[in-house]
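Start counting the sequence shown at 1; every next residue gets the next number (our numbering).
We put the beta carbon where it would ideally sit given N, CA and C, even for glycine.
Read the structure below first, then the notes.
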Amino acid sequence: MRFLLIGILLLLVGNIKADTQSPYAINVTDFGAKNDGSADATQAFQQALDKAGEIGGAIVLVPAGTYKILGNLKIPAGVTLQGTFQTPPTSHYPNKPNLVGSVLHAYAGKNQSETEPFITLAGNNATLAGFIISYPEWSKEIVPPIPYPPAVYSKGTTDVAVYDCCIINPYEALHFQDSARMMIRNVFGYPSFRGLYIDACYDISRVENCHFWPFGVNYNPNDPYCLWINENGVAFEFARTDWQYVTHTFCFGYGVGYKFSRTKNGACNGSFLGIGADCCRRAVLVEDLQPYGLLITNGEFVGRWESTDSAGIEILPDAGHGKISLSNCAFWGPLDRCIWHRSNQTQLTVIGTNFWEWDINSKGHPAVQIDRGKMILQGNTFSLGLLHSVIGRDITSAIISGNQAEGGLYVINYAGKKTQMALNEMPPDLPKKDALKNYILNIGSVGDRNFLKNWHGTESAPEWKKPGASKRWTKQQSLMRVPVLVDKEYTLTLDAYIPPQAKHADNTILINDEPLLSIGDKEGFQKISVKIPPQQQDFIMIGIRSHTWIPKDYDPNSKDTRQLGFAVSQIQMKTRFAPKEPFILNTLFSSIPK
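Listed below in structure tokens is the structure:
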């Protein structure tokens, strides 16, 4: 009997405890939220969120459907607003997005970007997870884009989080101010003005697997909406944030991919691993940084499609005293320069990086240009470009060692002994000085490609009536890098054929990107000669600017759609008192295929 009474008492105590426990989850539909988008659900959502906050925290569940939110939402401390997604959702179909799962339609703040954000993480440990957020009044036809306040915002909090969301078409997606140890993971979308902004974060925050890309639109680099974002939008911006960790993030089609800015609170330091910026005018833009530096590893950086002025990384002149370390990165695509270092105070180290292509305009611009400050360039590879680095006279120090480039590493050094170079892949052994006083480069023959950039392919040239004659057609801007003797004047002779349709006032020969001779009046077979003034380095960049034409437009039987300039069969470089017999420059690379 005694044991029976004890058992009944324990059962009663257990039941009392169960009845007084807070619920683990609350459903917004229990507060009247409609999931068909027919009525404003703001009040129902906020009542559910407030209830969860009052009981000390809970998960507010949002079943699949579309919810019309005309107002603003605040998520209290310890509360999670949870949609259906546990992986980053996407919008697959332009103009007719496949918006399944939990979808929030945001309306508040149109044309008022400084007003209250759509969703505020209003207390510590507040979390937003598992949603598609869309702005129904957004229109791709309106440029500049319609400004709105941030879709998700937090200030003065700790340990807030956003998981598994696609914020399709916001003006600004995520904005955090003074929010320590925040976690942003699996957030996708196509924000127009800015994707993510962090400032005044004094304890480590983490950003993982975020992807800002043209979801919901057909991307075209010349479409007015896409072009605006590609020139003005910023995907990721980091102002004052300490020990920032960013892992496996990507953006496409922005003016700036990753911006390191400065506010009254300061600048950023941190680790950036596996980051990518494709089709960006500036993949990385450094306005400022902390002394402890920016550690960028496994980065992939591509210029804006159809651009002529993109740079992979630009360090602005006012960037502060700190170090930028690049390791195992890659640059390719339509880049003018891969890296442009302009700050007197910043040190740059680049190790194990692949510079695949640059100098999109074929003007002889380098992969890496340093105007000021310090730089170490070590163990890198260079591919589709003729000039690999330019060292400005105002630098403090440059160390260039152990780099490889097809045809040898070519550096223009204006800094004298402040630059140290060792153990780089060397150009082929040049002939004796007498041979460089008079030499020929046969265009289209074996070995010529090591001196050329942005020409059409090799062709036989029977019209020159020389045994084995070959040629290449120029493009709108074609380039040659050829050796010279320092402080020697040369005469350049170009053996060319300019068809009538290519005759144009724009046709010009350039030296180191400066116009040297207009050849707009030339037509037919021509031997064009011009004096080249003495140079201070042992090579020069010869540019050819051509008016282009398409063979198919002039010959109804042609299927050739190439844009051709004029044909070149040979160039000759000759000094005064040169040997009579010219040296054939192609023989330096005679074993390399065309």
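Beta-carbon gap between residue i and residue j smaller than 8 angstroms
i	j	result
asparagine 35	glycine 65	yes
lysine 471	threonine 493	no
phenylalanine 215	isoleucine 168	yes
glutamine 563	glutamine 476	yes
valine 284	glycine 312	yes
arginine 281	serine 261	no
valine 246	cysteine 279	no
proline 89	isoleucine 26	no
glutamine 82	glycine 123	no
asparagine 595	asparagine 220	Because residue 595 is not part of the residues shown, which for the chain are 1 to 594, the question remains open.
phenylalanine 118	alanine 108	yes
leucine 479	methionine 541	yes
leucine 128	cysteine 166	no
cysteine 268	threonine 241	yes
alanine 235	phenylalanine 212	yes
arginine 337	tryptophan 358	yes
Residue nearest to residue i in terms of C-alpha spacing, selected from the options
i	options	result
leucine 49	Tyr107, Val286, Leu121 and Ala108	Leu121
glutamine 112	Phe176, Pro170 and Gln86	Pro170
lysine 488	Ile532, Gly524, Trp455 and Asp513	Ile532
glutamate 406	Gln420, His456, Asn354 and Asn361	Asn354
tyrosine 148	Gln536, Glu141 and Tyr135	Tyr135
leucine 263	Tyr190, Ile198 and Gly322	Leucine is not the amino acid found at residue 263; the sequence shown has threonine there. Closest option to threonine 263, Cα to Cα, is Ile198.
serine 389	Ser397, Glu314, His365 and Phe451	His365
isoleucine 146	Trp138, Val152 and Tyr153	Trp138
histidine 547	Asn232, Ser362, Thr87 and Thr474	Thr474
proline 428	Phe212, Lys418, Gln404 and Ala41	Gln404
valine 568	Leu452, Met421, Ala41 and Thr381	Leu452
tyrosine 153	Lys74, Leu423 and Asn361	Lys74
proline 534	Ile519, Tyr490 and Lys559	Tyr490
glutamate 463	Asp506, Lys559, Gly524 and Met182	Gly524
glycine 56	Gly37, Ser38, Thr80 and Phe45	Thr80
glycine 402	Leu386, Tyr554, Ile509 and Glu425	Glu425
glycine 595	Ser310, Cys251, Ala180 and Phe238	Because the chain spans 1 through 594 in this model, residue 595 falls outside it and cannot be assessed.
serine 310	Ile360, Ala422 and Val62	Ile360
glutamine 177	Pro150, Phe193, Tyr190 and Ser192	Pro150
Extent of the continuous beta strand (DSSP E) run through residue i
i	result
glycine 37	36-40
leucine 348	346-351
isoleucine 26	25-27
aspartate 199	194-199
lysine 488	Neither: lysine 488 is in no beta strand (DSSP E) and is coded neither H nor E.
leucine 121	119-121
lysine 259	256-260
aspartate 371	368-378
aspartate 278	268-280
Bridge-paired residues (DSSP) for residue i
i	result
histidine 248	BP columns for histidine 248 are empty, so no partner.
glycine 543	Leu479 and Leu510
proline 515	Leu510
glutamine 46	Partner(s): none; glutamine 46 has no beta bridge.
asparagine 413	Ile391
Residue-chain proximity (residue i, chain C), Cβ-Cβ < 8 angstroms
i	result
aspartate 506	Note that chain C does not occur in the displayed structure, where there is just one protein chain.
The alpha helix (DSSP H) enclosing residue i, as first and last residue numbers
i	result
cysteine 226	224-232
tyrosine 219	From DSSP, tyrosine 219 is part of no alpha helix (DSSP H); its letter is neither H nor E.
leucine 436	433-436
aspartate 359	Premise fails: aspartate 359 is in no alpha helix (DSSP H) and is neither H nor E.
lysine 74	No alpha helix (DSSP H) contains lysine 74, which is instead part of the beta strand (DSSP E) from 73-75.
aspartate 521	Careful: aspartate 521 lies outside any alpha helix (DSSP H) and carries neither H nor E.
tyrosine 171	First-last for tyrosine 171: undefined, no H or E at that position.
Residue i CB to nearest heavy atom of the ligand MG below 7 angstroms
i	result
proline 428	No copy of the ligand MG occurs in the structure displayed, which carries no ligand at all.
Quiz item: Counting Cβ pairs, one atom from each stretch, are 3 or more of them under 8 angstroms apart for the stretch 387-402 and the stretch 438-445?
Solution: No, the stretch 387-402 does not touch the stretch 438-445.
Quiz item: Do three or more CB pairs link the stretch 371-382 to the stretch 340-359 at distances below 8 angstroms?
Solution: The stretch 340-359 and the stretch 371-382 touch, with three or more beta-carbon pairs separated by less than 8 angstroms.
Quiz item: For the stretch 326-333 against the stretch 289-303, are there 3 or more C-beta pairs whose distance is under 8 angstroms?
Solution: Result yes; three or more Cβ-Cβ pairs closer than 8 angstroms.
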